[in-house]
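These notes concern the structure reproduced below.
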Amino acid sequence: ETVLPLQDWLKLLANRGVPMRVAMALAAKIYKTHSTKQKLSELDAKKLTPLVPDKDNRRSVQQALKGITSGEAKTKKRGRDSDMLEPLKTNQGDDDIPRSLEFHEVVDPEALIPLTVTTNRAPVKTAWAYTVAQRLGFDVQESLSLAHGYVHISSLKHAIMLGNILNPKETKDGLEEIRELPGMSDWGVKGKGREREWDRREREKGERERKKRDEMGSSQPWVGILKAKPVIERTDGTWRAIEKGVAIPPSVAFLYISRAFKDNAKHVMGAMKLVAASHPPEDLNRLGMHMYNEFKPEVEQWGQKGTLSLAKILDCAKGPVDLS
Numbered sequence: 025e026t027v028l029p030l031q032d033w034l035k036l037l038a039n040r041g042v043p044m045r046v047a048m049a050l051a052a053k054i055y056k057t058h059s060t061k062q063k064l065s066e067l068d069a070k071k072l073t074p075l076v077p078d079k080d081n082r083r084s085v086q087q088a089l090k091g092i093t094s095g096e097a098k099t100k101k102r103g104r105d106s107d108m109l110e111p112l113k114t115n116q117g118d119d120d121i122p123r124s125l126e127f128h129e130v131v132d133p134e135a136l137i138p139l140t141v142t143t144n145r146a147p148v149k150t151a152w153a154y155t156v157a158q159r160l161g162f163d164v165q166e167s168l169s170l171a172h173g174y175v176h177i178s179s180l181k182h183a184i185m186l187g188n189i190l191n192p193k194e195t196k197d198g199l200e201e202i203r204e205l206p207g208m209s210d211w212g213v214k215g216k217g218r219e220r221e222w223d224r225r226e227r228e229k230g231e232r233e234r235k236k237r238d239e240m241g242s243s244q245p246w247v248g249i250l251k252a253k254p255v256i257e258r259t260d261g262t263w264r265a266i267e268k269g270v271a272i273p274p275s276v277a278f279l280y281i282s283r284a285f286k287d288n289a290k291h292v293m294g295a296m297k298l299v300a301a302s303h304p305p306e307d308l309n310r311l312g313m314h315m316y317n318e319f320k321p322e323v324e325q326w327g328q329k330g331t332l333s334l335a336k337i338l339d340c341a342k343g344p345v346d347l348s
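In terms of our numbering, the sequence shown opens at residue 25 and continues consecutively.
Take a look at the structure:
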């Protein structure tokens, strides 16, 4: 049987619900001897116990192995706004992007002011993050990747804080993913006196790993967008956001925005472009979330749709803009 490259081996597990950290630890132990799907399918609960001591992590590996054996990917239907929490599909990449990633923005204020769009918040935040990234100097493909990465992390944080969106294992995995980001090792810890034992162990483990990485040095510089840092530089000099160890292709955000706003995508993106162009890049990055909070749809609960007013978006412009 065909030997899987290490990256594909990791994706096989990660896209079936195994935390990337767990998949990498398992790879260090068994990749050389279990580098094919057939070999992986031979791992039973007894063999996994010494390899994956943590019960919850071991259960996630077992479920992934069942999916690999049956040929089914792990999927779960969620409500609106939760699609940003779903793992990336392995069959998407930079080679699969649409022929054009242009939104063909409408930038005539008179055509934009009367329009409203019924939508949930996640596509709006994705579109805004893309617009901010472009204003900061990233190209179209980079900005789309960064936008999805930013909103994925933002949605994950919000879902965890709400407490009723994710199940216990999803919450645990989400905390692991967030705490692996620069400067986020203590995110979600409420206080040492009330800290759960699992939180304490995982935090200390993460701190040891981060200290080791810092001492060794990193070839992957991180950059910030809207006060978050889910971004790395690729070997070819371009930038992509990272989700659970996988580079996010630009097609994900482009299709997400296009499908959410449909025929109004060019109008929404045009209004945001006008606002972004009216602010210096540094100010836009610093004040971007405040602006988003000014025009985001008003909703009462997670995933609910509201009204996005393009006039409210344009109200965030600093003054008249000449895009010629």
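Just so you know, even glycine gets a beta-carbon here, dropped at the ideal spot from N, CA and C.
If we ignore side chains and look at the alpha-carbon of each, how far apart do Phe-278 and Lys-70 end up? 44 Å
With distances taken Cα to Cα, identify the nearest neighbour of Met-352 among Asp-197, Ala-157, Arg-283 and Ile-189. Summary: the structure shown does not reach residue 352, with the chain confined to residues 25 through 348, and so no result is reported for it.
With 16 as the cutoff for other CB atoms within 10 Å, does Ser-124 come out buried or exposed? exposed
Please name the residue in Arg-145, Ser-59, Lys-286 and Glu-306 whose C-alpha comes closest to that of Trp-326. Arg-145
In its own chain, which residues sit with a C-beta less than 7 Å from the C-beta of Gln-62, not counting the 5 before and 5 after it? Glu-25
By Cβ distance below 8 Å, which residues in the same chain neighbour Asp-68 in space, the five residues on each side in sequence not counted? none
So what does DSSP say about Val-141, is it helix, strand or coil? strand
Helix, strand or coil: which one does DSSP assign to Ser-333? strand
Let me know if Val-85 comes out buried or exposed under the rule of 16 or more other beta-carbons within 10 Å of its beta-carbon. buried
Alpha-carbon spacing of Leu-308 relative to Thr-195, whole angstroms: 32 Å
Trp-134 burial status per 10 Å Cβ neighbour count (16 or more: buried): Note that residue 134 is Glu in the sequence shown here, rather than Trp. Looking at its Cβ environment, which holds fewer than 16 other Cβ atoms inside 10 Å, Glu-134 is exposed.
Simplified DSSP assignment, three categories, for Gly-91: helix
Nearest candidate by alpha-carbon position, reference Thr-60, set Leu-34, Met-296 and Lys-149: Leu-34
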